[in-house]
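A.B. asks: Got a structure here, written out as structure tokens. Questions coming.
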Amino acid sequence: MVLFKAKENNATLREIKVLGSGCAKCNALEKAVKEALAELGMNETTIEHVTDFGEIAAYGVMSTPALVVEGKVVSAGRVLKKKEVMTLLSNFTE
């Protein structure tokens, strides 16, 4: 579990994970998430990168990379751009 707080609105998210084998696409999603968090003022956030296929399957994900926020799969099978990640994270901090 990862804790971080948005400076702008004091919202707290408890969990953010990138699911994937560690391939180039998974790493690109992780990079986009880190950039989005930095732009949102969540610089101290660490992201859990889950590579265990059993844990990935437990989320019902069949296509990676995937992004999980607050235990909910919000994207699977594609590399999101930074702005897309920012939009998704904003939905959890409003």
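Take 8 as the starting number for the sequence shown in our numbering and just add one per residue.
Glycine included, each C-beta is placed from N, C-alpha and C at the ideal position.
#1: Exposed or buried, what is K24 when buried is set at 16 or more other beta-carbons lying within 10 Å of its beta-carbon?
#2: Taking 7 Å as the limit between beta carbons, can you name the residues of its chain near L26, skipping five residues before and five after?
#3: Can you tell me which of the three DSSP states K88 falls into?
#4: Spatial neighbours of A130 within its chain, please: CB distance less than 8 Å, with the 5 preceding and 5 following residues excluded, ordered by chain position.
#5: Considering only their Cβ atoms, is the gap separating E22 from E77 smaller than 8 Å?
#6: Measure how close the beta-carbons of V92 and A39 come, nearest whole angstrom, since I'm counting them as under 8 Å.
#7: Quick check: what's the CA-CA separation for N50 versus A43?
C.D. replies: Taking the definition as stated:
#1: buried
#2: V57, I63, Y66, V68, T71, P72, A73 and V75
#3: coil
#4: The question about residue 130 has no answer here: the residues shown for the chain are numbered 8 through 101.
#5: yes
#6: 5 Å
#7: 9 Å
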